[in-house]
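Position one of the sequence shown corresponds to residue 2 (my numbering), numbered consecutively onward. Positions of the beta carbon are idealized from the N, C-alpha and C atoms, including for glycine. Below is one structure, written out as structure tokens; comments come after it.
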Amino acid sequence: MHPSAIISSDSNIGKNVFIGAFSIIEPNVQIKDNTWIGNNVVICSGTEIGKNCKIYHSSVIGEKPQDLKFKGEETLTIIGDEVMIREFVTINRGTIESGKTIIGNKSYLMASTHVAHDCIIGESVIMSNLATLGGHVEIDDKVIISGGVLVHQFCKIGSYSFIGGGYRVVQDVPPFIMAAGEPLKYSGINSIGLRRNGYSINTRKNIKEAYRLLFREKISREKAVSQIKNTFPDNPEVKKIISFIENSTRGLI
2 MHPSAIISSD SNIGKNVFIG AFSIIEPNVQ IKDNTWIGNN VVICSGTEIG
52 KNCKIYHSSV IGEKPQDLKF KGEETLTIIG DEVMIREFVT INRGTIESGK
102 TIIGNKSYLM ASTHVAHDCI IGESVIMSNL ATLGGHVEID DKVIISGGVL
152 VHQFCKIGSY SFIGGGYRVV QDVPPFIMAA GEPLKYSGIN SIGLRRNGYS
202 INTRKNIKEA YRLLFREKIS REKAVSQIKN TFPDNPEVKK IISFIENSTR
252 GLI
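Written as structure tokens, this is what we have:
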């Protein structure tokens, strides 16, 4: 612990934790073993940080949500294990609606990214520099969000998807795809990401065919979903796609 750091006696600090110069750890904070916190970092009340995390200088974790309805309720920010948080990242804690903001294990938040209140980020998600999430956004595992992307509140992004740099996400993005353009649209399946994560050629072909029916055929979305169900009745990846579509609240890109 650097002697200039301010650490509340009501915080719970694990073993082998490093806290750098001029950092502030507020009351009711839990930091688990082997986590490294750089200089000028603020960890706010109600924050839980997992093991083996790294939080670089001038980041603010768990500050009050930027929500006019917030009345000071006790809510949480939960950071998983092995999470990398680079310089000037801001993560707001939850509101009374869900009670918490969650960052999954092994996620990587690059410099100057922002995660608003009540967001749920899955495991091994990458947010590149200046990416910004509005409130209540849900991001599944292994998603990559490129630099400068803005995600509208309440949007959902499915697992293994890739969002191109500088675009706006205002509707839900289903799993396994690449999305780019203004307005944002389907740009093919994320073949490279799927291959790197062990998905077979046949599985990738099935995913590609399902999305061809959904986005390329000139039929209604309802008919496309029905046709996909009939064509791939037992395919787990296609079932995941269908489930995402049926549970979408903002409509698909």
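(request) For the alpha helix (DSSP H) holding N207, just list the boundary residues, first then last. (result) DSSP places N207 inside the alpha helix (DSSP H), whose first and last residues are I202 to Y212.
(message) Tell me the rounded alpha-carbon separation between V274 and P4.
(response) Residue 274 lies beyond the stretch modelled for the chain, which goes from 2 to 254, so this question has no answer here.
(message) Buried or exposed for D11, going by 16 or more other Cβ atoms inside 10 Å?
(response) D11 is exposed by the Cβ-count criterion.
(request) Return the CA-CA distance between G15 and Q67, expressed in angstroms with no decimal places. (result) Cα to Cα, G15 sits roughly 30 Å from Q67.
(request) Check N48 in the structure and name its three-state DSSP category. (result) Here the sequence assigns Thr to residue 48, which means Asn is not the residue at that position. Strand at T48.
(request) Check whether the Cβ atoms of I122 and A180 sit closer than 8 Å, and answer yes or no. (result) No, they are not a contact pair.
(message) Which residues does DSSP list as the beta-bridge partners of I190?
(response) Note: I190 sits in a beta bridge opposite I178.
(message) Measuring only the C-alpha atoms, how far is P184 from Q172?
(response) When rounded, the distance between both Cα atoms is 10 Å.
(message) On the criterion of 16 or more Cβ atoms from any shown chain inside 10 Å, does E238 qualify as buried, or is it exposed?
(response) So E238 ends up on the buried side.
(request) Would you tell me roughly how many angstroms separate the C-alpha atoms of M85 and N191, rounded to the nearest one? (result) Spanning the two alpha carbons is a distance of roughly 24 Å.
(message) Rounded to whole angstroms, what is the Cα-Cα separation between F163 and I145?
(response) In a straight line, the C-alpha of F163 is about 5 Å away from that of I145.
(message) Assess contact between the segment 36–52 and the segment 74–84, defined as three or more Cβ pairs (one per stretch) separated by less than 8 Å. Is contact present?
(response) Short answer: they touch.
(message) Assuming R94 and E64 are in contact, meaning their beta carbons sit under 8 Å apart, how far apart are those beta carbons, in whole angstroms?
(response) So it is a contact: roughly 7 Å between Cβ atoms.
(request) Have a look at Y212 and H58 and give me their C-alpha separation to the nearest angstrom. (result) If I take the Cα positions, the gap works out to 42 Å.
(message) Going by DSSP, what residue range makes up the alpha helix (DSSP H) through T91?
(response) Not the alpha helix (DSSP H): T91 falls in the beta strand (DSSP E), residues T91 to N93.
(request) Flag this pair as yes or no: are the beta carbons of N330 and A22 separated by less than 8 Å? (result) A question about residue 330 goes unanswered here, because the residues of the chain that appear run from 2 up to 254.
(request) Tell me whether F163 sits in a helix, a strand or coil according to DSSP, three-state version. (result) The DSSP-derived three-state label of F163 is strand.
(request) Note the first and the last residue of the continuous alpha helix (DSSP H) segment covering V79. (result) Sequence check: residue 79 is Ile here, not Val. Here I79 belongs to no alpha helix (DSSP H); instead the beta strand (DSSP E) covers L77 to I80.
(message) Tell me the residue span of the beta strand (DSSP E) that contains T232.
(response) Looking at the DSSP string, T232 is not in any beta strand (DSSP E); the run it does join, the alpha helix (DSSP H), is R222 to T232.
(request) May I ask you to report which of helix, strand or coil DSSP gives V61? (result) DSSP places V61 in the strand class (E or B) of the three-state scheme.
(request) Rounded to whole angstroms, what's the CA-CA distance from G167 to T114? Just pull it up for me. (result) Answer to the nearest angstrom: the Cα atoms are 13 Å apart.
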